[in-house]
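Enquirer:
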Amino acid sequence: MPSEPIHSRAAIHGHPLHPALVHFPVAALIGLVGADAGWILTGDAFWARAGLWLAGVGAFVGWLAALAGLVDLVTVRRIRHMVIAWCHAILAVMLLSLASFNWLLRLGEPEAHILPWGIYVSLLTAGLLAAAGYLGGRLVYENAVGVVTREASERQTRH
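Start counting the sequence shown at 10; every next residue gets the next number (the working numbering).
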């Protein structure tokens with residue numbers, strides 16, 4: 010871990026927004042795979058409607074989380090110089106583009122496009138989500154991006 014953590018500029022009272030927001034689209038987009046499986050196994054329209062909502066929430070809140078991450082990527086020099094941060098951002102834009110497409114695919118007739126394209130896009134999105142999440146974890150745990158240590162917090166309150 011680096012000697013000094015890398016503080017987020019997109020934060021409220023020192024709490025970074027990106028990691029706070031990102032849990033919602035992750036849960037929604039992983040849940041979308043389950044909703045698609047539920048529809049395929051049962052044919053119940055409930056699962057198609059749930060998938061529409063999960064795709065929409067995953068895409069919309071994902072773009073909000075991405076904006077917070079983008080602020081840090083372009084305004085914090087130490088983050089901007091990390092290749093892993095750019096790889097994380099590129100994967101995130103790819104997966105959010107797919108999530109948005111998946112939501113648009115389901116608008117109007119949620120059941121009409123689940124097979125085959127909806128499930129394919131859901132699974133591909135989940136795979137990209139895993140890769141982007143892995144890289145995001147490395148940014149936090151190996152590079153201390155957005156981490157506030159006790160020492161740094163105490164120094165900040167003294168000033």
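Idealized CB from N, CA, C, for every residue including glycine.
Can you give the beta carbon distance from P25 to A19, rounded, assuming they're within the 8 angstroms contact cut?
Expert: Between A19 and P25 the Cβ distance is about 7 angstroms, and since that is below 8 angstroms, they are a contact.
Enquirer: What number of angstroms, rounded off, separates the C-alpha of T51 from the C-alpha of D45?
Expert: Going from the Cα of T51 to the Cα of D45 covers about 10 angstroms.
Enquirer: Assuming A153 and I15 form a contact by the criterion Cβ under 8 angstroms, report the distance between their Cβ atoms to the nearest whole angstrom.
Expert: Rounded, the Cβ-Cβ distance is 6 angstroms, consistent with contact.
Enquirer: Taking the alpha-carbon positions, what's the L144 to L104 distance?
Expert: Each residue's alpha carbon lies about 14 angstroms from the other.
Enquirer: Where does the unbroken alpha helix (DSSP H) through S17 begin, and where does it stop?
Expert: Element bounds for S17: n/a, residue is neither H nor E.
Enquirer: Tell me where the alpha helix (DSSP H) around G67 begins and ends.
Expert: Unbroken alpha helix (DSSP H) run through G67: A54 to T84.
Enquirer: With a Cβ-Cβ cutoff of 9 angstroms, do S106 and A64 count as a contact?
Expert: Their beta carbons are not under 9 angstroms apart, which means S106 does not touch A64 by this criterion.
Enquirer: Per DSSP, what kind of secondary structure is H24 in: helix, strand or coil?
Expert: Strand at H24.
Enquirer: Report the partner residues of V169 according to the DSSP bridge assignment.
Expert: This structure leaves residue 169 out entirely; the chain is present only between 10 and 168.
Enquirer: Sort G78, T84, L113 and F33 by Cα distance to C96 and report the nearest one.
Expert: The shortest Cα separation from C96 among G78, T84, L113 and F33 belongs to G78.
Enquirer: So, is T134 buried or exposed, given that buried needs 16 or more other C-beta atoms within 10 angstroms?
Expert: Answer is buried; the Cβ neighbour count reaches 16.
Enquirer: Considering just the uninterrupted stretch of the alpha helix (DSSP H) at W48, what are its terminal residues?
Expert: Unbroken alpha helix (DSSP H) run through W48: H32 to T51.
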